[in-house]
Amino acid sequence: MAMDLKLVAARLRNCGKLQALKRGESIQAHLIKQGVSKNVFLANNVISMYLDLRLLCDAHKVFDEMTERNIVTWTTMVSGYTSDGKPNKGI
Numbered sequence: 001m002a003m004d005l006k007l008v009a010a011r012l013r014n015c016g017k018l019q020a021l022k023r024g025e026s027i028q029a030h031l032i033k034q035g036v037s038k039n040v041f042l043a044n045n046v047i048s049m050y051l052d053l054r055l056l057c058d059a060h061k062v063f064d065e066m067t068e069r070n071i072v073t074w075t076t077m078v079s080g081y082t083s084d085g086k087p088n089k090g091i
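Rendered as structure tokens:
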């Protein structure tokens, strides 16, 4: 059965907004196990989840491990650092 990427992304975003770290980590572990964790769309949503949870180190780790980044990736990271009062770190 094919994975519905939009549904997975929505679940990741909800984990961040609901402060559901354990559930989000579980979803991320499943993505790694399925071999799709490097998908830029999903990785961007994992980053967003960690930033919503104010876990900048975890977000940055995902960012560092990405083999492909896009404008959404960069904007998300800069926004996250700016929201946390560290705008210089984001650039």
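Using full-length UniProt numbering, read the sequence shown as starting at 1 and increasing by one per residue. All C-beta atoms in this analysis are idealised placements derived from N, C-alpha and C, irrespective of residue type, glycine included.
Straight-line spacing of the CA atoms in residue 52 and residue 33 works out to 24 Å.
Rounded to whole angstroms, residue 58 and residue 3 show a C-alpha spacing of 24 Å. A distance below 7 Å separates the beta carbons of residue 40 and residue 68. Only residues of its own chain outside the window of five on either side were considered, and among them 84 have a CB closer than 8 Å to the CB of residue 54, listed in chain order. With a 10 Å radius around the Cβ and a threshold of 16 neighbouring Cβ atoms, residue 24 comes out buried.
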